[in-house]
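Colleague:
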Amino acid sequence: MKKVKHLIHRYPRLIFGLCMAFVLVIVAVLAPLLSPYNPYDLSDDMMVGPSAAHWFGTDKLGRDILSMILYGSRTSLIIGISSAMIAAVIGTIIGAIAGYLGGKADLILGEIINIFMMIPSFFLILIIVALFGSGLFKVMIVIGLTSWTGNAKIMRGQALSLRSRTFVKASEAVGENRMKILIKHIIPNGIFPIVSNTTMGIASAILMESSLAFLGLGDPNTVSWGQLIANGKAYLTSGWWISFFGGIAIIYTVVAFFFIGDGLNVILNPKIRNVTNV
Amino acid sequence: MARYLSKRVLTGLLCVLVALCLNFALIHMAPGDPIRILVGNKEPNPELVQVLTEKYGLDQPALVQFEKYIGNLLHGDLGDSYYTGEPVLNIIKQKLPLTLLLAGSMVFIAVIIGGLLGVFCAKRAGGKLDTFLGSFTYLFDSVPGYWLGLMLILLFASRLKILPTTGLVSIRESYTGFAHILDMAKHLILPITTGVIGIVPYYFRITRASVIQQLGEDFIVTLRAAGMSEHKIFYKYVFRNAIIPTVTAVGIHLAYMIAGSTIIEIVFGLPGLGSYLMTSISRRDYPILMGFYLILSVSVAVMMIVVDFVYTLLDPRVRHVSD
Amino acid sequence: MSILEIKDLSVSYLGDDYKVRAVDHVSLNIEEGESLGIVGESGSGKSTLMLGILRLLNERTSKTEGEALFRGNDLISMNKKELAKVRWSEISVVFQKAMNVFSPVHTIETFLSDIYKVHRPNAKRQEIRKELTDLLAMVNLPKQVLRMYPHELSGGMLQRTSIAMSLMFRPKILVLDEATTALDVITQNQILSEILEIEEKLHLTRVLITHDMSVVANFCKKIAVFYAGRLMEVGYVEDVLVHPRHPYTRDLVKSYPTFSEDGTGTVISIPGTMIDLKKAYTGCPYANRCDRATEQCRTDRPMEDQMDEHWSYYCHNPLQGGETDESR
Numbered sequence: 000m001k002k003v004k005h006l007i008h009r010y011p012r013l014i015f016g017l018c019m020a021f022v023l024v025i026v027a028v029l030a031p032l033l034s035p036y037n038p039y040d041l042s043d044d045m046m047v048g049p050s051a052a053h054w055f056g057t058d059k060l061g062r063d064i065l066s067m068i069l070y071g072s073r074t075s076l077i078i079g080i081s082s083a084m085i086a087a088v089i090g091t092i093i094g095a096i097a098g099y100l101g102g103k104a105d106l107i108l109g110e111i112i113n114i115f116m117m118i119p120s121f122f123l124i125l126i127i128v129a130l131f132g133s134g135l136f137k138v139m140i141v142i143g144l145t146s147w148t149g150n151a152k153i154m155r156g157q158a159l160s161l162r163s164r165t166f167v168k169a170s171e172a173v174g175e176n177r178m179k180i181l182i183k184h185i186i187p188n189g190i191f192p193i194v195s196n197t198t199m200g201i202a203s204a205i206l207m208e209s210s211l212a213f214l215g216l217g218d219p220n221t222v223s224w225g226q227l228i229a230n231g232k233a234y235l236t237s238g239w240w241i242s243f244f245g246g247i248a249i250i251y252t253v254v255a256f257f258f259i260g261d262g263l264n265v266i267l268n269p270k271i272r273n274v275t276n277v
Numbered sequence: 000m001a002r003y004l005s006k007r008v009l010t011g012l013l014c015v016l017v018a019l020c021l022n023f024a025l026i027h028m029a030p031g032d033p034i035r036i037l038v039g040n041k042e043p044n045p046e047l048v049q050v051l052t053e054k055y056g057l058d059q060p061a062l063v064q065f066e067k068y069i070g071n072l073l074h075g076d077l078g079d080s081y082y083t084g085e086p087v088l089n090i091i092k093q094k095l096p097l098t099l100l101l102a103g104s105m106v107f108i109a110v111i112i113g114g115l116l117g118v119f120c121a122k123r124a125g126g127k128l129d130t131f132l133g134s135f136t137y138l139f140d141s142v143p144g145y146w147l148g149l150m151l152i153l154l155f156a157s158r159l160k161i162l163p164t165t166g167l168v169s170i171r172e173s174y175t176g177f178a179h180i181l182d183m184a185k186h187l188i189l190p191i192t193t194g195v196i197g198i199v200p201y202y203f204r205i206t207r208a209s210v211i212q213q214l215g216e217d218f219i220v221t222l223r224a225a226g227m228s229e230h231k232i233f234y235k236y237v238f239r240n241a242i243i244p245t246v247t248a249v250g251i252h253l254a255y256m257i258a259g260s261t262i263i264e265i266v267f268g269l270p271g272l273g274s275y276l277m278t279s280i281s282r283r284d285y286p287i288l289m290g291f292y293l294i295l296s297v298s299v300a301v302m303m304i305v306v307d308f309v310y311t312l313l314d315p316r317v318r319h320v321s322d
Numbered sequence: 000m001s002i003l004e005i006k007d008l009s010v011s012y013l014g015d016d017y018k019v020r021a022v023d024h025v026s027l028n029i030e031e032g033e034s035l036g037i038v039g040e041s042g043s044g045k046s047t048l049m050l051g052i053l054r055l056l057n058e059r060t061s062k063t064e065g066e067a068l069f070r071g072n073d074l075i076s077m078n079k080k081e082l083a084k085v086r087w088s089e090i091s092v093v094f095q096k097a098m099n100v101f102s103p104v105h106t107i108e109t110f111l112s113d114i115y116k117v118h119r120p121n122a123k124r125q126e127i128r129k130e131l132t133d134l135l136a137m138v139n140l141p142k143q144v145l146r147m148y149p150h151e152l153s154g155g156m157l158q159r160t161s162i163a164m165s166l167m168f169r170p171k172i173l174v175l176d177e178a179t180t181a182l183d184v185i186t187q188n189q190i191l192s193e194i195l196e197i198e199e200k201l202h203l204t205r206v207l208i209t210h211d212m213s214v215v216a217n218f219c220k221k222i223a224v225f226y227a228g229r230l231m232e233v234g235y236v237e238d239v240l241v242h243p244r245h246p247y248t249r250d251l252v253k254s255y256p257t258f259s260e261d262g263t264g265t266v267i268s269i270p271g272t273m274i275d276l277k278k279a280y281t282g283c284p285y286a287n288r289c290d291r292a293t294e295q296c297r298t299d300r301p302m303e304d305q306m307d308e309h310w311s312y313y314c315h316n317p318l319q320g321g322e323t324d325e326s327r
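Chains as they are written, first to last, in numbering that gives the first Met the number 0: chain A, 0 to 277; chain B, 0 to 322; chain C, 0 to 327.
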């Protein structure tokens, strides 16, 4: 008990974030059991405000908002985690190769990273999704493909500094294959900041997905929080609850992942906390 | 330094080129025939299709179209809208000012608020207030802009009725002169507030981190040991050193906000670039899409170069290294 | 007459869940005009001592207790306004990493002028420039340095500039905190010799903090040996280094090749590691590594024993004169 208290005191955001994310995952997994109604089912109770029967009210077609929100967590988590993973893998590989090999490879890859970093991604995602269709899978891929640059930058820096460390030099001297060194030493030893950045990436991807859904560019066949908010836009004055709860769900989820990412950063960089100051 | 800057200019040009290619390729790979959309739901009239196809050169290979496009670009011709026939440049000229006004005021206000908060927290880093405000900015970060916009409309416009809901001007009244500007300003309060809340955390974090870093530098200890007041140390030295990353961020952010205000424009029904973009997407109006994208990448590239230049002015070490 | 009287001074670093006693009840007198070398391994608290006295440590993460009387006025309890007057004009410091001592985005002139104006707020520009030029000349630097940025100067030049800066108000006490450690031996000796000359001229009291015994032997009159935040032995260099009373001093001397008296160059290293200062302990901190340690050393804190007015040590089983040759 004392230990738990100590951990909370030391890494408050990480612990809170982990708890929040845990609840979220449980909700996503158990959505069919927890939902009082089927989120796709229409009913005659249209535009009912929050009540005992419908905690979060119903929309214009009589669908239960609470059930839609519970199911929506699945969409958000799937897209958030998968896109962040795609971005992590691409970023790690490109960054590690650039940083470890150095020289011309670094020059070229570094420039590619820079260029992709400069290209405004929101706009690009918008155009791609609008033109190519907006299935769950496509949205996931597009967000992943446009958000790897941060990871690549971080990994490149890590690889650059690891390259000159003794254990890497030693492996090189022994004549180990460079590819093998890359996979065995460089990536595992430099991965920690990628982990925290990817956690933050999950949060950003979830926000991005919800924005696309709000703009009508989400997967029309799945329940999503952004779409829910968009649906409620026209009924803002007569049915505020339609939009309101979806936003709360997004905030809750995104905060959870931001907190975890920030907490991991604090562990990684304890210096942020203890600075010389007056 | 000249060499350094020219290298940056080259990178910028390269970036614009890559962006253009990417954009062109994407648009031409996209399913959906713009002619079909142009003609609408009517039974396609073969003659009309023929005329339109030739007019826009849609029957030529993509590479030829691209070549022609780049050639026209160099003459300052961004093409004409498929839908309205208006030159893209005119549309941009018409829509850009509002978007710039939005983006500019959001960034300006956010820098001030975020900067002050960042300094405030950096001075008590690790303390309770710092942790609390830090968590709070994550909350800000997590609020989807469009949702916040809707909620603000709900609260201030629908319920309290102290601010107008959407649009740029009041439709029922026709104000002139100062009253017109005041009316516009009133319409912009909620959109700008929404945008500012979204980006304040960004400036807060940059400022906080760089102030913390500077406070830990050895030369701060020197100044303290020399008996300089904390006040002067802060405003002349910590601030001067800490401002560098913030200035850099402002420049680049300003360019990105041109795209970043899209959603806000849509939520608040403001006739800027962003809301027009969404319309153009649904119309498959390629010249408009390409034009907007070009403007966006050019402004990002230009801001990068400007930022680099400012950076060399602010930090003598860069001048030295790059020589 | 003593110019700085340190009385029972302790400095602790406060962590989230621990407390490190970096300086542990130290009492030390510094006489006017003398040169004192403070030696010790890293973590012995030698730098923290001076930072604590000048109150340059973070007040939230550290705590300084005890007294440090500068000409009878306690620096530790003094109000900030008075302290600001003492800083630099009476006690100035040359810090270790000269590269980081100056603001990277300001010229040397801007930086030095601002410091000058702290204590001479009404100084005219011309006066300041002349003063700074003279200062630089004192450490053999041309006036062009003023127009330069820190990154444009070499390590040696920066250290000289740093020294010039510390002499700005002709302070009574000059603290050199590992000031020459980062320089090569030749530059180091050159700079230290120059300081000796300046010292004569300005009647400085010098405190030299270093881990390098040879520097202390060559450039200081007195030596204070620190270990694990405590003062072990203090006295004239020729007494302490030749006939150390404290076993730690002896071991430290023996671990430097040039001081091994048998001349064969046998260098010994001290077995074991320094105790963890995060943990509370009783007795003498060196007890776990000392060959002369007894039960008493582990339970009772050794108190000051004096050989004479200048020479004292903190040990239950001090070495008697001539015991230095005794092998461990």
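Quick reminder that beta carbons are idealized off the backbone N, C-alpha and C, glycines included.
1) For the segment 156-175 of chain A, which residues have a CB atom closer than 9 Å to at least one CB atom of chain B, in sequence order?
2) Let's see if you can read the secondary structure: which residues bound the beta strand (DSSP E) around residue 18 of chain C?
3) So for residue 218 of chain B, helix, strand or coil by DSSP?
4) For the segment 152-174 of chain B, which residues have a CB atom closer than 7 Å to at least one CB atom of chain A, in sequence order?
5) Look at the alpha carbon of residue 292 of chain C and the alpha carbon of residue 316 of chain C, and state the distance between them as a whole number of angstroms.
6) Beta strand (DSSP E) containing residue 34 of chain C: first to last residue?
7) Does the segment 67-82 of chain B come within contact of the segment 206-219 of chain B, defined as at least 3 CB pairs closer than 8 Å?
8) Could you tell me whether the Cβ atoms of residue 94 of chain C and residue 100 of chain C are closer together than 8 Å?
9) What are the start and end residues of the beta strand (DSSP E) that includes residue 225 of chain C?
10) Give the list of continuous beta strand (DSSP E) stretches no shorter than 3 residues that lie fully inside the segment 200-237 of chain A.
11) Go ahead and pull the three-state DSSP assignment for residue 103 of chain C.
12) Going by C-alpha distance, which of A/202, A/258, A/57 and A/266 is nearest residue 12 of chain A?
13) Examine chain A for any beta-carbon lying closer than 8 Å to the beta-carbon of residue 234 of chain B, and answer yes or no.
14) Looking at the structure shown, is residue 72 of chain C part of a helix, part of a strand, or coil, going by DSSP?
15) Near residue 80 of chain B, which residues of its chain fall below 7 Å by C-beta distance, leaving aside the five closest residues on each side in sequence?
16) To which residues does DSSP link residue 234 of chain C through a beta bridge?
17) Express the C-alpha separation of residue 212 of chain B and residue 21 of chain C in angstroms, rounding to a whole number.
18) Would you give the residue range spanned by the alpha helix (DSSP H) that residue 129 of chain B belongs to?
19) Report buried or exposed for residue 45 of chain C, applying the criterion of at least 16 other Cβ atoms within 10 angstroms of its Cβ.
20) Whose C-alpha, out of C/114, C/295, C/177 and C/306, is nearest the C-alpha of residue 38 of chain C?
21) Kindly indicate if chain A contains any beta-carbon less than 8 Å away from that of residue 143 of chain B.
22) Can you find a CB in chain B that lies within less than 8 Å of the CB of residue 258 of chain C?
23) Thinking just about the alpha-carbon of each residue, which of C/238, C/220 and C/244 is nearest to the one in residue 231 of chain C?
24) Just to check, is the beta-carbon of residue 193 of chain A closer than 7 Å to a non-hydrogen atom of the ligand NAP?
25) Determine the burial state of residue 322 of chain B: buried for a count of at least 16 other Cβ atoms within 10 Å of its Cβ, exposed for fewer.
26) Give the DSSP-derived three-state secondary structure of residue 64 of chain B in the structure shown.
27) Going by beta carbon distance, what residues of the same chain come within less than 7 Å of residue 209 of chain C, once the five residues before and after it are set aside?
28) Please look up how many angstroms separate the CB atoms of residue 303 of chain B and residue 117 of chain A, rounded, as I've assumed it's under 8 Å.
29) Please confirm if residue 7 of chain C has its CB atom under 8 Å from at least one CB of chain B.
30) Against chain C, with Cβ distances strictly below 8 Å, would residue 206 of chain B count as a contact?
31) Compile a chain-ordered list of the residues in the segment 0-24 of chain A whose CB is closer than 7 Å to at least one CB of chain B.
32) Between which two residues does the beta strand (DSSP E) harbouring residue 4 of chain C extend?
33) Would you say the segment 127-139 of chain C touches the segment 159-179 of chain C, given that touching needs at least three Cβ pairs under 8 Å?
34) Using the Cα positions of residue 253 of chain C and residue 212 of chain C, report the straight-line distance between them to the nearest angstrom.
35) Using a Cβ-Cβ cutoff of 9 Å, what residues of the segment 53-68 of chain C are near chain B? List them in chain order.
36) Can you say whether residue 94 of chain B is buried or exposed, counting buried as having 16 or more other CB atoms within 10 angstroms of its CB?
Modeller: Taking the geometry as given:
1) none
2) Here residue 18 of chain C refers to the residue found at position 19 when the third sequence is read from its first residue. Here the beta strand (DSSP E) through residue 18 of chain C covers 18-30.
3) Residue numbering aside, residue 218 of chain B sits at position 219 when the second sequence is read from its first letter. Three-state result, residue 218 of chain B: helix.
4) 152, 153 and 157
5) The count along the third sequence starts at 1 and reaches residue 292 of chain C at position 293. The count along the third sequence starts at 1 and reaches residue 316 of chain C at position 317. Taking the straight line from one Cα to the other gives about 7 Å.
6) Stepping through the third sequence from its first residue, residue 34 of chain C is reached at position 35. Looking at the DSSP string, the run of the beta strand (DSSP E) that includes residue 34 of chain C is 34-38.
7) no
8) Residue 94 of chain C sits at position 95 when you count from the first residue of the third sequence. Residue 100 of chain C sits at position 101 when you count from the first residue of the third sequence. Closer than 8 Å, so yes.
9) For the purposes of this step, residue 225 of chain C is identified with residue 226 of the third sequence, where counting begins at 1. 221-226 is the extent of the beta strand (DSSP E) around residue 225 of chain C.
10) none
11) Residue mapping note: residue 103 of chain C aligns to position 104 of the third sequence, counting from 1. Three-state result, residue 103 of chain C: coil.
12) Locating residue 12 of chain A in the first sequence gives position 13, counting from the first residue. With distances taken between Cα atoms, residue 12 of chain A lies closest to A/258.
13) The residue you call residue 234 of chain B lines up with position 235 of the second sequence. Residue 234 of chain B does not count as touching chain A.
14) Locating residue 72 of chain C in the third sequence gives position 73, where the first residue counts as 1. In this structure, residue 72 of chain C counts as strand in the three-state DSSP scheme.
15) Reading the second sequence from its first residue, position 81 is the one you call residue 80 of chain B. For residue 80 of chain B, where only same-chain residues beyond five positions count, the Cβ hits under 7 Å are 87, 90, 284, 286 and 287.
16) Position 235 of the third sequence, counted from the start, is the residue given in the question as residue 234 of chain C. DSSP lists C/222 as partners of residue 234 of chain C.
17) The residue you call residue 21 of chain C lines up with position 22 of the third sequence. The residue you call residue 212 of chain B lines up with position 213 of the second sequence. Using only the alpha carbons, I get a separation of about 24 Å.
18) By one-based count along the second sequence, residue 129 of chain B stands at place 130. Counting along the chain, the alpha helix (DSSP H) containing residue 129 of chain B begins and ends at 127-141.
19) For the purposes of this step, residue 45 of chain C is identified with residue 46 of the third sequence, where counting begins at 1. With 16 or more Cβ atoms within 10 Å of its Cβ, residue 45 of chain C is classed as buried.
20) Counted from its first residue, the third sequence places residue 38 of chain C at position 39. If we check each option's Cα against that of residue 38 of chain C, C/177 comes out closest.
21) Looking up residue 143 of chain B in the second sequence gives position 144. Yes - at least one Cβ of chain A is within 8 Å of the one on residue 143 of chain B.
22) Your numbering for residue 258 of chain C matches position 259 in the third sequence. For residue 258 of chain C, the predicted model reports a pLDDT of 49, less than 50, meaning its position is unreliable and no value from the coordinates is stated.
23) Sequence index remark: in the third sequence, residue 231 of chain C carries index 232 (1-based). The candidate whose alpha carbon is nearest that of residue 231 of chain C is C/244.
24) Questions concerning the ligand NAP fall outside what the structure shown contains, since it holds no ligand whatsoever.
25) As a working note, residue 322 of chain B is residue 323 in the second sequence. Per-residue confidence for residue 322 of chain B stands at a pLDDT of 39, beneath the threshold of 50, marking its modelled position as unreliable; no derived number is given.
26) Indexing the second sequence from 1 puts residue 64 of chain B at position 65. In the structure shown, residue 64 of chain B sits in a helix (DSSP, three-state: H, G or I).
27) Counting from one through the third sequence, the residue named residue 209 of chain C turns up at place 210. Excluding sequence neighbours, residue 209 of chain C sits near 36, 38, 177, 180 and 215.
28) Working through the second sequence from its first residue, we reach residue 303 of chain B at position 304. Working through the first sequence from its first residue, we reach residue 117 of chain A at position 118. At roughly 6 Å, the Cβ-Cβ gap stays under 8 Å, so residue 303 of chain B and residue 117 of chain A are in contact.
29) By one-based count along the third sequence, residue 7 of chain C stands at place 8. Chain B contact via Cβ: absent.
30) Here residue 206 of chain B refers to the residue found at position 207 when the second sequence is read from its first residue. Cβ-Cβ to chain C under 8 Å: no for residue 206 of chain B.
31) 11 and 12
32) Reading the third sequence from its first residue, position 5 is the one you call residue 4 of chain C. 1-13 is the extent of the beta strand (DSSP E) around residue 4 of chain C.
33) yes
34) Start at 1 with the first residue of the third sequence, and residue 253 of chain C comes out as number 254. Start at 1 with the first residue of the third sequence, and residue 212 of chain C comes out as number 213. Using only the alpha carbons, I get a separation of about 11 Å.
35) 53, 54, 55, 59 and 60
36) Indexing the second sequence from 1 puts residue 94 of chain B at position 95. The residue in question, residue 94 of chain B, is buried, as its Cβ has 16 or more Cβ neighbours within 10 Å.
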